[in-house]
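Scroll down for the structure; my scribbles are underneath it.
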Amino acid sequence: MSPGRAVRDRITVAIAVLAAWQLGTLVFGAHWVSPPLATGQRLLQLLANGELRRHTEFTLAAAVGGFLVGGVPGALIPFALRRASRLAAILDPYFVAGYGMPKLALAPLFILWFGIGLASKVALVGSIVFFLILFATAAGVRGADRRLVAMARVAGASEQMVARHVVWPGAVPYIFAGLKISLSYAIGAAVVGEMISSNRGLGYLIQAASQDFDTTTVFAGLVALTVLIVVVNELVQTAERWLLRWRPVDAQPEGRLVTVA
Amino acid sequence: MIVGGRVLVGVAGLVLWQLAQWVLGAEWISGPVDVLQRMAEITVNGQLVRHTAATLMEAAFGFVLGGGAGILLPFALRLSPRLTAALDPFFAAALGVPKLALAPLLILWFGIGIFSKVVFVAAVVFFFLFFNTLAGVRSMEPRLAAAVRVFGGREWTVTREIAWHTALPYVFAGLKVALPRAISAAVVGEFIASDRGLGYYINNARAMADTVGLFTGVAVVTLLVLAIDAALERLQARSLAWRPLAREIGV
Amino acid sequence: MSGAAPLLEVRGLGKRFEARAGRAEAFWAIRDLSFSVADREFLTIVGPSGSGKSTLLNLIAQIDSTTEGEVRFRDQLIASPTAGTLRPGWDRQFGYVTQDDTLLPWRTLLENVLFPLRVQNRLSTDMRERAAGLLHAVGLEGFERHYPHELSGGMRKRAALIRTLVYDPPVILMDEPFGALDAQTRTQLQEDLLRLWNLGRKTIVFVTHDIAEAIALGDRTLVFTRAPAHVHSEHAIPLARPRDVASIYTVDGFADLHAAIRKELA
């Protein structure tokens, strides 16, 4: 199919979506489905009075903070465990359990410990990102091409050099795939944490508006959140393309199948 | 030897947990002893069953609703490849939005009863299953389809036999991920606004400074999800016996 | 060849592929291709790779549409640019065996062999016996419950073969079916094929790039040109049947034929 037709088709679908949205307003009433126009106006309002920026900053701070707090140890542990395979085997089911357990269910616990401010959101995000990055990195470290490692050792490289020059670059694409997924999850988790209890953030904005029956702001908040995530994803894609320019295009380790709840 | 190590780590973990309660104080941490005691209590007085049932019901109904739609839609989309291609970028955008963020909107629409949670879970589950199933359907080998057509098989046979079986591992991967997520989503929905369920129990405990209740609730949810995870692993291994390697797709 | 009308006839057939992403310009895979096949004849087609041989089979099997020319089967027009929608397999008249075995990986060997009959709603006791007989004929007895990934390449190829034979199409199209096998297995499969063909003579159109294979198997062989492919020449193969594939090289007349065809392909 020609690219022109694809673009036209997509514009058609976009218009259809907007039309369906407007139709929803007509059918259910503006109280339940805020019309696109009103939603857009509210968005601009929130932008103009700085509120949108304040809340977005908070959410991003929580996401990035948790990202670092969870991501750094998550990335380092597989390297540390690389030479201690027995210990890794012993700890494995605990890591799997930690990965499988729903960290979001811990949100009230973090609020109990750290209060309703930024810290509890960072803790929540961190706990989620930690396991995601842990498993992604572990896959990357495990996937290190044995032949390359052997070759490096034969050439006289110390274990540290092997780790830095062979294992690490091989693991980077896996880590990156983990990073991409984690970033979306991080923002999502921050938002959910804010919805449960907070005084700032996009999640708080949406939740508070919902309790005030301010449907327009709820919609505006959701749109803002969507835009934020799309933009962040784009930035990450661009960064990835640049950092991994040496890789043949097809050789990406999975990536897109898992959706973000 | 490794099993011994795991048991050791497990026991050490429990001991540290109990120590933490004594060191840091019972208002911050409830140790395993208190948690087990509370679990026994709420089992006896029926609270455990009541709340767990509510959460499981929300999760189950939402799972069936969202999962059913998520699995069937990609097969329906097979009828129009052009529509599928046109929808592609919107899929990508929808993928990125945290479905959990829809909770307040759904509660606005449907109130704090079970129904809003069911819809919420359905929305979350739908996306998991839809994208995984879609990937599976897309991975169908055209040569297999051509061979079946030469035998005289019609489009329905191609869909039922080839698209379905090709997508099956992906569907399973989706189900495996989605079922525990369904429970998680139900609990989160209950955090935000509810009058019953495990999430309600946990959040309520926090509000009442009932640390033991909080820990107990979290423990119950954790055990529930992990048990379901394990059961699904076993189920998957059995029904995909025809595959050369029980390889997982997606995370 | 007898004076009877040919079973399958190709007249002035042409297929043009449009320009697409990855293909700079449109090109003709086959053009002005004409030949005919008699009933129960084993016709082999040999030509350089990419010479449109697979395309030809796709057109006959009704998996792809013709750009020009026509295909006639039992003197009935079955394919032409104006002939309407494709009917793959033309109502089970054509079998198609390709290079990659298209066995269904999630079905057992027996289920795979019976599959065409299931699709055609013809699963009866007679048919099951027929399938069992075919399994026995190619030495796959006892493997009925195995999955394709548990079978060797040669076994899967045999399975693909009898899967096509089980519903008894009068014409079987074969597209380099043994190309992916090692030399020894290939020889064995060739012998199996000839043996099966002997039991119930079908019309076979067999495409290959291996000249020796074309001569060893066929009654007649066509030499194709490069794309846009058409028939360059045709050679009758006067070697006596039954043929010993393993030692075909030593048979009188083989060497000359081989050399002649090789020269034409150069």
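Taken in order, these protein sequences are the chains called L, R and G. Everything in the first sequence is counted per our numbering, starting at 1 for the first residue and increasing by one. Everything in the second sequence is counted per our numbering, starting at 1001 for the first residue and increasing by one. Everything in the third sequence is counted per our numbering, starting at 2001 for the first residue and increasing by one. We treat Cβ as the ideally placed atom computed from N, Cα and C, and that holds for glycine.
- Annotation for G:THR2044: the continuous beta strand (DSSP E) segment containing it runs 2042-2046.
- Listed in chain order, the positions of the region 1142-1157 of chain R with a beta carbon within less than 8 Å of a beta carbon of chain G are ARG1143, LEU1144, ALA1146, ALA1147, VAL1148, ARG1149, VAL1150, PHE1151, GLY1152, GLY1153 and THR1157.
- Secondary structure of R:HIS1051 (DSSP, three-state): helix.
- Counting only runs of 3+ residues, the beta strand (DSSP E) found wholly inside the region 2105-2193 of chain G occupies 2171-2175, in chain order.
- Listed in chain order, the non-local C-beta contacts of R:PHE1110 below 8 Å within the same chain comprise SER1116 and VAL1119, local neighbours out to five positions each way being set aside.
- In this structure, G:LEU2043 keeps its C-beta atom at 8 Å or more from the C-beta atom of G:VAL2245.
- With respect to chain R, the C-beta atom of G:TYR2096 has a partner C-beta closer than 8 Å.
- Rounded to whole angstroms, the gap between the alpha carbons of R:PRO1081 and L:PHE176 is 31 Å.
- 8 Å or more divides the Cβ of G:HIS2230 from the Cβ of G:THR2221.
- G:LYS2263 carries a helical assignment under DSSP once its states are collapsed to helix, strand and coil.
- Annotation for R:LYS1117: no beta strand (DSSP E) segment contains it, though the alpha helix (DSSP H) segment containing it runs 1114-1138.
- Residue burial annotation: L:MET161 is exposed, with fewer than 16 other C-beta atoms found within 10 angstroms of its C-beta.
- Chain R places no beta carbon closer than 8 Å to that of L:ARG82, leaving this residue out of the contacts.
- With a threshold of 8 Å between beta carbons, G:GLN2120 makes contact with chain R.
- Taking 8 Å as the CB threshold, R:ILE1071 stays off the interface with chain L.
- Your pair L:ALA189 and L:LEU104 checks out as a contact, with CB atoms roughly 7 Å apart and the cut at 8 Å.
- Selection G:GLN2120, G:LEU2134 and G:LEU2057 evaluated against G:ARG2158 yields G:LEU2134 as nearest (Cα-Cα).
- Short of 6 Å from the beta carbon of G:ASP2064, and not among the five residues preceding or following it, lie these beta carbons of its own chain, in chain order: ASN2058.
- One Cα belongs to G:VAL2166, the other to R:PHE1151, and the distance between them is close to 11 Å.
- Residue state for L:LYS103 is assigned as helix, using DSSP reduced to three classes.
- A residue is called buried when at least 16 other Cβ atoms come within 10 angstroms of its Cβ; R:HIS1051 meets this threshold and is buried.
- Counting only Cβ-Cβ distances below 8 Å, G:THR2203 has no contacts in chain R at all, with the closest Cβ about 16 Å away.
- Your pair R:ASP1210 and R:PRO1180 does not check out as a contact, with CB atoms roughly 26 Å apart and the cut at 8 Å.
- DSSP, read as helix, strand or coil, puts G:GLU2070 in strand.
- Looking only at R:LEU1226, R:ALA1040, R:GLY1113 and R:GLY1005, the smallest Cα-Cα distance to L:MET101 is reached by R:LEU1226.
- Closest in alpha carbon position to R:THR1043, among R:VAL1220, R:GLY1199, R:LEU1129 and R:ARG1206, is R:VAL1220.
- Nearest CB-CB separation between G:ILE2172 and chain R: not below the 8 Å threshold.
- Chain-ordered, the chain L residues with CB closer than 7 Å to the CB of R:SER1184 read PRO102, LEU104 and ALA105.
- Contact annotation for R:ALA1103 against chain L: MET195 [CB-CB distance below 7 Å, chain order].
- Chain G has a Cβ within less than 8 Å of the Cβ of R:HIS1165.
- Secondary structure of G:LYS2202 (DSSP, three-state): coil.
- CA-to-CA, the gap between L:LEU60 and L:LEU52 works out to about 12 Å.
- Here DSSP, grouped into helix, strand and coil, assigns L:ALA157 to coil.
- G:PHE2017 sits close to G:ALA2026, with the two beta carbons spaced by under 8 Å.
- DSSP places G:SER2036 inside the beta strand (DSSP E), whose first and last residues are 2027-2037.
- Taking G:PHE2115 as the centre and dropping the five residues before and after it, the same chain places the C-beta of LEU2104, ARG2107 and ARG2163 closer than 8 Å to its C-beta, in chain order.
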